[in-house]
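**Student:** The structure that follows is given in the form of structure tokens.
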Amino acid sequence: MAIEFADFLNIEKDYIDVSEDIFSYAEDAYFLRILTKLNTDPADSPKIYWKDYDIPSLYTLASGTYNATATDIELYSVAGIYAGTVLINTATGEHMRVTAVNRSTNHVTVTRGVAGTTAQNIGADANIYILGVAEAESGSGPEVTVSKGEAYNYAQIWKHEYPITHTVEATKFRLNALKQDLNELFFKHRVEIENSMFWGQRDYSNSIYYNGGMNYWVPGDNVGTVATGSFNRDWFDQFLIEKGFAYGSNTKYMFAGNTAFRYIYNLYVAGERNLTTDERVGLKVVQILAPHGGVLHVIRHPLFKGDYEKVAFIVDMDNVTYRPLIKSGMYKLPDTGSGITWQLRTQASLEVRGPYTHAKIVLT
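Under the numbering used here, read the sequence shown as residues 396 to 759, first letter to last.
This is the structure in structure tokens:
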């Protein structure tokens, strides 16, 4: 039901739910519009928990050099490696079978030159690929834990106040000035939440909650930084294959600042990109086919200003959820004698699962 402005003058009302109205506009808070259309789940506390999972590690690097007889080897990471795992040194073709893993030091004990290969020296930063576990028929196999445990974010509180003095109430404005004022209030409220959903830094201090946005959650090694002079179709295709679409869904959304949008748009000729309407959320998007067959919906984001005009986020909408603890609502404050003041209040957080299903581009 549409909110009538008489509701805000009705002294019988103390609360008006505007959660269905405030994010229904398509001209500014694009991310929130999509989130509230597709993925919303109420929160039950100011600290929101969820279960997240590791992306299976398929390769690592040797830390240091080792001769052909060394059996204790340090790696940069032992994630996804267990007793029984077979490793291959891609430079030499040597296969090694792990017999023990020390996760506190990233050391593995290995049997060298298995599977008919020859043990050879291992160079510094040699690429080590994981081939999986090789066990005897009677073996039990390793106990694998894939869960990273609990991830969490905080539900930030946004408040704005809207006074209606007795003088304003009694004045006859042309073109419904009260409605115009409230629209401006809604705009300010939702764009502040939108900005936090991208740029917020998760924290809690002195009873104040700070929501962590996409910039907080995208891993540093899933960010592509490139000079505008080097930004070309080859670089972008490689980024989409290795980072943008390496994990997660085959359809993703890109939110790009003006400069980033222009550079990306100009990479493609007609037929490779087209302007279409995403029927699910009612937004105009530029649709691009990624090299592996995925679909990227590109949206120019007007709120990305200054340095952020050269930034673009790729978001897997299947792995993000808007988590409102307090739905957007207008709360009537005590009358001070000069009129009525309504407080627009929202408390919400962003749940981001599978950080490596999301990516970021920064043009320099």
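Just so it is clear, CB atoms sit at the ideal spot from N, CA and C, and this is done for glycine as well.
Let me check you understand the geometry: is the CB of Phe-650 closer than 6 Å to at least one non-hydrogen atom of the ligand ZN?
**Tutor:** Looking for the ligand ZN in the displayed structure turns up nothing, as the structure carries no ligands at all.
**Student:** Thinking just about the alpha-carbon of each residue, which of Asn-653, Val-676, Gly-639 and Ala-651 is nearest to the one in Pro-686?
**Tutor:** The option with the nearest alpha carbon to Pro-686 is Gly-639.
**Student:** Here's a check: name, in chain order, each residue in its chain whose Cβ is nearer than 7 Å to the Cβ of Met-396, leaving out the five neighbours to either side.
**Tutor:** Low confidence applies to Met-396: its pLDDT is 46, below 50, so where it sits in the model is not reliable, and the reading given next is rough at best. Around Met-396: no qualifying Cβ.
**Student:** So, does the segment 424-441 touch the segment 467-480, judging by three or more C-beta pairs under 8 Å?
**Tutor:** Output reads no: the segment 467-480 does not touch the segment 424-441.
**Student:** Under 7 Å, do Glu-746 and Trp-553 count as touching if we go by C-beta distance?
**Tutor:** Cβ distance not < 7 Å, so Glu-746 and Trp-553 don't count as in contact.
**Student:** Between the beta-carbon of Lys-705 and the beta-carbon of Ala-651, is there less than 7 Å?
**Tutor:** No. Outside cutoff.
**Student:** In terms of alpha-carbon separation, which member of Ile-411, Val-505 and Arg-428 lies closest to Glu-674?
**Tutor:** For Glu-674, the nearest C-alpha among the options comes from Arg-428.
**Student:** When we look at the beta-carbon of Glu-589 and count the other beta-carbons within 10 Å, is it buried (16 or more) or exposed?
**Tutor:** Looking at its Cβ environment, which holds 16 or more other Cβ atoms inside 10 Å, Glu-589 is buried.
**Student:** In the segment 677-745, which residue ranges form an unbroken beta strand (DSSP E) of at least 3 residues, counting only runs that do not cross its ends?
**Tutor:** 678-684, 690-695, 706-710 and 715-727, all fully within the segment 677-745.
**Student:** State the Cα-Cα distance for the pair Gly-624 and Thr-759, rounded to the nearest angstrom.
**Tutor:** Their Cα atoms are separated by approximately 9 Å.
**Student:** CB-CB under 7 Å to Tyr-642, same chain, minus the five flanking residues each way: which ones, in chain order?
**Tutor:** Correct list, in chain order: Ile-450, Gly-749, Tyr-751 and Thr-752.
**Student:** Within 10 angstroms of the Cβ of Gly-595, are there 16 or more other Cβ atoms? Answer buried if so, exposed if not.
**Tutor:** Counting Cβ neighbours within 10 Å, Gly-595 comes out buried, since at least 16 surround it.
**Student:** Rounded to the nearest angstrom, what separates Leu-573 and Leu-684 at their Cα positions?
**Tutor:** The alpha-carbon atoms of Leu-573 and Leu-684 are separated by roughly 45 Å.
**Student:** Which runs of the beta strand (DSSP E) at least 3 residues long sit entirely within the segment 441-496? Give them in chain order.
**Tutor:** 442-448, 454-456, 467-469 and 480-484, all fully within the segment 441-496.
**Student:** For Val-680, which residues from the same chain have a beta carbon less than 7 Å from its beta carbon, with the 5 sequence-adjacent residues on both sides left out?
**Tutor:** Contacts found: Thr-671, Asp-673, His-692, Val-693 and Ile-694.
**Student:** Nearest-angstrom Cα distance between Thr-741 and His-555?
**Tutor:** Going from the Cα of Thr-741 to the Cα of His-555 covers about 9 Å.
**Student:** With Thr-435 as the anchor, note down where its beta strand (DSSP E) starts and where it stops.
**Tutor:** Here Thr-435 belongs to no beta strand (DSSP E), and DSSP marks it neither H nor E.
**Student:** Under 6 Å Cβ to Cβ from Ile-756, same chain only, skipping five residues before and after it: list those, please.
**Tutor:** The answer, listed in chain order, is Gly-619 and Ala-707.
**Student:** Candidates Tyr-547, Leu-526, Glu-545 and Ala-463: which alpha carbon is nearest Arg-507's?
**Tutor:** Among Tyr-547, Leu-526, Glu-545 and Ala-463, the Cα nearest to that of Arg-507 belongs to Ala-463.
**Student:** For a test of the three-state rule: what should DSSP assign to Ala-546, helix, strand or coil?
**Tutor:** Strand, per DSSP.
**Student:** Based on Cα-Cα distance, which residue from Ile-735, Ile-411, Tyr-524 and Thr-512 lies nearest to Ala-472?
**Tutor:** Checking the sequence, you will find Ser at residue 472 rather than Ala. With distances taken between Cα atoms, Ser-472 lies closest to Tyr-524.
**Student:** Measure the alpha-carbon distance for Phe-634 versus Asn-653 and round it to whole angstroms.
**Tutor:** When rounded, the distance between both Cα atoms is 20 Å.
**Student:** Is it buried or exposed, Ser-723, if we count other Cβ atoms within 10 angstroms and call 16 or more buried?
**Tutor:** Answer is buried; the Cβ neighbour count reaches 16.
**Student:** By DSSP, does Ala-529 sit in helix, in strand, or in coil?
**Tutor:** Residue state, collapsed to three classes: coil.
**Student:** Taking the beta carbon of Ser-493 as the centre, do at least 16 other beta carbons fall within 10 Å, making it buried, or is it exposed?
**Tutor:** It should be noted that the sequence gives Val, not Ser, for residue 493. The residue is buried, with at least 16 neighbouring Cβ atoms inside 10 Å.
**Student:** In whole angstroms, what separates the C-alpha of Glu-667 from that of Gln-682?
**Tutor:** Approximately 8 Å, taken between the alpha carbons.
**Student:** For Gly-608 and Ser-591, which I take to be in contact (beta-carbon distance under 8 Å), what is that distance rounded to the nearest angstrom?
**Tutor:** Confirmed, about 6 Å.
**Student:** Could you tell me the alpha carbon to alpha carbon distance between Met-712 and Phe-426, rounded to whole angstroms?
**Tutor:** Roughly 10 Å separates the two Cα atoms.
**Student:** Provide the residue span of the alpha helix (DSSP H) that contains Tyr-658, from first to last.
**Tutor:** Residues 653-661.
**Student:** By the DSSP assignment, the alpha helix (DSSP H) with Leu-414 in it spans what residues?
**Tutor:** Looking at the sequence provided, one finds Ser at residue 414 rather than Leu. That run of the alpha helix (DSSP H) goes 414-417.
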